[in-house]
Amino acid sequence: MKTLCSVPAKLILSGEHAVLYQCSALSMAIDLPTHCECEYTPNTLSSVTIKLVNFQQKHSFPYEIWQKMCIEMEYRYRLFQHQSGAIQSVLTKPVDLILNTLFHFEELCPLKPGDWQFKIHSDAYIGRGLGSSAAVILSLLTSLIKHHNFNLSDENLLALAQRIECRQHGKSSGIDPATLIHGGLLQYQSNLPIQRVNSQNLNAWLMDTGKPLSTTGQCVEHVRKEWADSKSCWKAFKKVTLKLVEAWAEEDSLKFKKGIRENQQLLFKLGVVPTKVQGFIDDLESQYHAAAKICGAGSVSGDNAGIVLCISENPPYALCATYGYECLPLHLQTKGIECDVIESEKKT
117 MKTLCSVPAK LILSGEHAVL YQCSALSMAI DLPTHCECEY TPNTLSSVTI
167 KLVNFQQKHS FPYEIWQKMC IEMEYRYRLF QHQSGAIQSV LTKPVDLILN
217 TLFHFEELCP LKPGDWQFKI HSDAYIGRGL GSSAAVILSL LTSLIKHHNF
267 NLSDENLLAL AQRIECRQHG KSSGIDPATL IHGGLLQYQS NLPIQRVNSQ
317 NLNAWLMDTG KPLSTTGQCV EHVRKEWADS KSCWKAFKKV TLKLVEAWAE
367 EDSLKFKKGI RENQQLLFKL GVVPTKVQGF IDDLESQYHA AAKICGAGSV
417 SGDNAGIVLC ISENPPYALC ATYGYECLPL HLQTKGIECD VIESEKKT
């Protein structure tokens with residue numbers, strides 16, 4: 117049996133970092149999907165083969181080997197939890213996230229014995245704040261659920277994905293997997309019901325400033341150490357998100373752009389926006405009358421900050437070319453996870 121699963125990317129309009137401190141956030145699914153092709157063949161000996169197209173890697177592991185690797189990952193995660201290790205030491209290779217996902221799924225439902233083959237590729241920029249980790253996790257989990265006829269509610273799927281995502285980022289608010297499961301535009305806050313927001317056209321562009329030198333986990337740790345106890349900081353983020361939600365509902369583009377700019381200034385204050393990227397955003401505002409902001413964790417080192425969102429009447433292709441950044445139009449994805457089952461052809 118074979119499954120083909122597709123999961124969109126995500127973009128946070130407001131609330132990155134702040135969502136970890138009981139603030140609401142505004143997030144949308146976008147049409148830059150991650151695809152997982154999964155094929156299972158029954159066998160007395162169990163193995164896993166993983167092809168990571170974006171990384172040009174292929175790995176094969178007997179069952180006992182990848183299980184041992186995951187037990188070691190869990191040990192390193194416990195060290196991180198007790199502040200005896202860094203988050204980037206937990207999952208050290210791209211394939212580790214796939215193996216760790218299999219490991220956590222098997223805690224709920226034992227894998228069928230046999231040969232498992234996974235082929236994963238993404239149309240999204242990886243490591244740029246578009247939720248690529250959550251997309252990989254969910255594409256794998258949905259594939260496994262289909263193959264095992266296993267029932268798992270959206271709420272429990274979110275909790276499982278969030279637990280796995282913690283191994284990658286240190287702390288997960290759940291906003292990435294929630295956005296990818298439901299699709300469209302969401303107002304999200306931990307431990308509160310997810311609120312759908314009416315979809316509208318947004319004249320916006322995505323610009324890739326390059327993969328940050330620091331990981332999401334490192335940025336999250338930096339903000340936690342410097343700002344976790346700052347009530348005024350998180351109050352300001354809450355106020356901006358509320359302003360954006362109101363502006364969206366009122367279809368007030370000027371108010372919405374003002375909120376985007378205010379959000380960006382707060383992120384700059386957190387210390388997660390490199391000087392070069394902030395200069396680029398300033399140029400977007402002055403040359404295109406745009407509102408722009410980073411849309412992921414940002415970076416605490418180097419010149420790159422992942423994806424920048426730009427809301428403007430005209431595409432900023434010329435300025436992007438000056439900075440050497442790629443630019444794409446933004447397309448909202450109203451659907452969440454999609455998964456098709458393809459039965460293997462019977463041999464004659």
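Letter 45 of the sequence shown, counting from 1, is numbered 161 in the working numbering, and no numbers are missing. Glycine residues also receive a C-beta, built at the ideal position from the N, C-alpha and C atoms.
- Going by beta carbons, M117 and Y156 fall inside the 7 Å limit.
- H338 sits in a helix when the DSSP states are folded into three classes.
- Excluding sequence positions up to five before and after P210, its CB lies within less than 6 Å of the CB of L168, F171, all in the same chain and listed in chain order.
- Counted as a single uninterrupted DSSP element, the beta strand (DSSP E) harbouring I166 occupies residues 163 to 168.
- Note on geometry: alpha-carbon atoms of E454 and F219 lie some 23 Å from one another.
- The Cβ atoms of T357 and S130 lie closer than 7 Å to each other.
- Distance between A407 and L207, taken at the CA atoms: about 36 Å.
- Comparing C-alpha distances from E342 to each of G387, A363, A141 shows the shortest one belongs to G387.
- Restricted to the segment 245 to 331, the alpha helix (DSSP H) segments that are unbroken, complete and at least 4 residues in length are 248 to 264, 270 to 285, 291 to 298, listed in chain order.
- Annotated three-state conformation of E155 is strand, per DSSP.
- Around the CB of S238, 16 or more other CB atoms lie within 10 Å, so the residue is classed as buried.
- Remark: C-beta atoms of I242 and A277 do not approach each other more closely than 7 Å.
- Contact annotation, L446 with L322: C-beta distance approximately 6 Å; criterion of less than 8 Å satisfied.
- Rounded to whole angstroms, the separation of the alpha carbons of C436 and C225 is 48 Å.
- In chain order, W321 place their CB closer than 6 Å to the CB of P431, counting only its own chain and leaving out the 5 sequence neighbours on each side.
- The alpha-carbon of G422 is positioned some 19 Å away from that of E281.
- Between G286 and I203 a beta carbon distance of about 4 Å is seen, short of the 8 Å cut, so the two are scored as contacting.
- The residues D324, in chain order, have a CB closer than 6 Å to that of E442 in the same chain once the five nearest residues on each side in sequence are set aside.
- For G387, there is no enclosing alpha helix (DSSP H), since its DSSP letter is neither H nor E.
- Within the model, the alpha-carbon separation for P309 versus R279 is close to 18 Å.
- With contact defined as three or more Cβ pairs closer than 8 Å, the segment 293 to 309 and the segment 379 to 397 are not in contact.
- Contact between P328 and G418 holds, with the beta-carbon distance rounding to 6 Å and staying under 8 Å.
- Membership of S402 in the alpha helix (DSSP H) is indicated by the continuous run 391 to 404.
- The beta-carbon separation of T150 and D456, rounded to 15 Å, does not stay under the 8 Å limit for a contact.
- Looking from the CA of D231, the closest CA among K351, S162, D399, F196 belongs to S162.
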